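313 is the number that my numbering gives the last residue of the sequence shown; the numbers go up by one with no jumps.
For reference, the structure discussed in these notes is given below.
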Amino acid sequence: MTKKTDFFKATELSTGVVSVEGFGNVELRELTLKQRLSLKDLGDASDDVSRAKVVIMSCELFNDDDVDALCEIKSDVLLTLFTEAMRLSGIGNDSKKKR
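Laid out in structure tokens, this is it:
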């Protein structure tokens, strides 16, 4: 696949905004197939680290360097972000397509 093809595929992915009190608005983007496949590596990680990595992979505002910082976020906030990321990624049971 070329970078141009990757770009056009990325523009078709669902997005959503989660507003978290005390944290602000965070845009989440549906995971690409490549990102979904890399989730299998999260099985050995703690729940908080796994959730942080999923949020990072689904949100263009974060990158891999932010895992430790995300793990410091209150668990209910992280769970909200994680739940929305999973829903948008198609991994969650209640996944919906573009709104």
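The beta carbon of each residue, even a glycine, is placed where N, CA and C say it ideally should be.
Since we're looking at a predicted model, the values are computed, not measured.
Residue 295 and residue 279 have their alpha carbons spaced roughly 17 Å apart. In the three-state reduction of the DSSP assignment, residue 233 falls in the strand class, which pools E and B. Beta-carbon to beta-carbon, residue 284 and residue 292 are separated by about 7 Å, close enough to satisfy the 8 Å threshold.
Taking every protein chain shown into account, the CB of residue 231 has fewer than 16 other CB atoms within 10 angstroms, so this residue is exposed. Sixteen is the threshold: since fewer than 16 other Cβ atoms of the shown chains lie within 10 Å of the Cβ of residue 286, the residue is exposed.
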